[in-house]
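Written out below as structure tokens is the structure these notes cover.
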Amino acid sequence: LLLAACGSKSDTEIASGTVTDPDTGEKTDYKVTTDGDQGNISIKTEDGEMQFGSGAANARLPDGFTPYPGSKMTGGFTASGKDGRGGMASFEAPGKAEDVIAHFRKQAEAAGLTVKTEVKAGETLMIGAERPDDSKSGVQITATQDGDKVTGSVSYGMGG
111 LLLAACGSKS DTEIASGTVT DPDTGEKTDY KVTTDGDQGN ISIKTEDGEM QFGSGAANAR
171 LPDGFTPYPG SKMTGGFTAS GKDGRGGMAS FEAPGKAEDV IAHFRKQAEA AGLTVKTEVK
231 AGETLMIGAE RPDDSKSGVQ ITATQDGDKV TGSVSYGMGG
């Protein structure tokens, strides 16, 4: 298997190789890179690929979603396989948690998702939305107020 590079051309490879599962004989390629401040890991198998690490390069939102204005994407992961794709993107943003949730709610509804869950626990707000005709597709957005900023994440899964 060929492993696609993750990150930019300025990344330095720290480790790479192939691991063989002793029970199944399935081979998995891996690569670990750094750009000096942030590390990235990419794992590729016959069934799919996963990439994760810190920084904006690893904080990918689902199709149709954009970051909250003024936010800084801080890390995350993506995974893809025969049953679909998913991931998580974490962020920090100036403002109020209610405004962040409203921003992502609007995008979820525009993407054909229906909000099914709303939770408020202390300074944390969370919504969960899913596609009515596809139980494998949905998003969960969490936003926690921390003084004058918000920390949060967008987790998602989209069926094949």
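Using this note's numbering, you'd call the opening residue of the sequence shown number 111 and step up by one each time. Each residue gets a CB set at the ideal place from its N, CA and C atoms; glycine is no exception.
Residue i burial status per 10 Å Cβ neighbour count (16 or more: buried)
{"i": "ALA114", "result": "Per-residue confidence for ALA114 stands at a pLDDT of 37, beneath the threshold of 50, marking its modelled position as unreliable; the derived number appears in the next sentence. Label assigned to ALA114: exposed."}
{"i": "ILE124", "result": "exposed"}
{"i": "THR261", "result": "buried"}
{"i": "GLY197", "result": "buried"}
{"i": "GLY174", "result": "exposed"}
{"i": "SER181", "result": "buried"}
{"i": "ASP256", "result": "exposed"}
{"i": "VAL229", "result": "exposed"}
{"i": "PRO242", "result": "exposed"}
{"i": "ALA203", "result": "buried"}
{"i": "GLY185", "result": "buried"}
{"i": "PRO132", "result": "exposed"}
{"i": "PRO179", "result": "exposed"}
{"i": "THR188", "result": "buried"}
Nearest to residue i (by Cα), restricted to the options the options
{"i": "SER56", "options": "SER265, MET268, GLU233, LYS141", "result": "The question about residue 56 has no answer, for the chain in this structure spans 111 to 270."}
{"i": "HIS213", "options": "SER190, ILE237, GLY232, SER245", "result": "ILE237"}
{"i": "ASP157", "options": "SER190, THR176, GLN250", "result": "SER190"}
Three-state class that DSSP yields for residue i in the structure shown
{"i": "THR136", "result": "Looking at the sequence itself, residue 136 is Glu, so the reference to Thr does not match. If DSSP states are grouped into helix, strand and coil, GLU136 belongs with coil."}
{"i": "ASP256", "result": "strand"}
{"i": "ASP243", "result": "coil"}
{"i": "ILE124", "result": "strand"}
{"i": "ALA231", "result": "strand"}
Opposing strand residues paired with residue i [DSSP bridges]
{"i": "ASP202", "result": "A small fix is needed here, since residue 202 is Glu in this sequence, not Asp. GLU202 pairs with LYS182, THR261."}
{"i": "GLN217", "result": "Note: GLN217 sits in no beta bridge, so no partner."}
{"i": "GLY269", "result": "GLY194"}
{"i": "ILE237", "result": "GLU228, ILE251"}
Anticipated Cβ contact below 8 Å, residue i with residue j, distance rounded
{"i": "LYS226", "j": "GLU240", "result": "6 Å"}
{"i": "SER247", "j": "SER200", "result": "The Cβ separation is near 21 Å, so there is no contact."}
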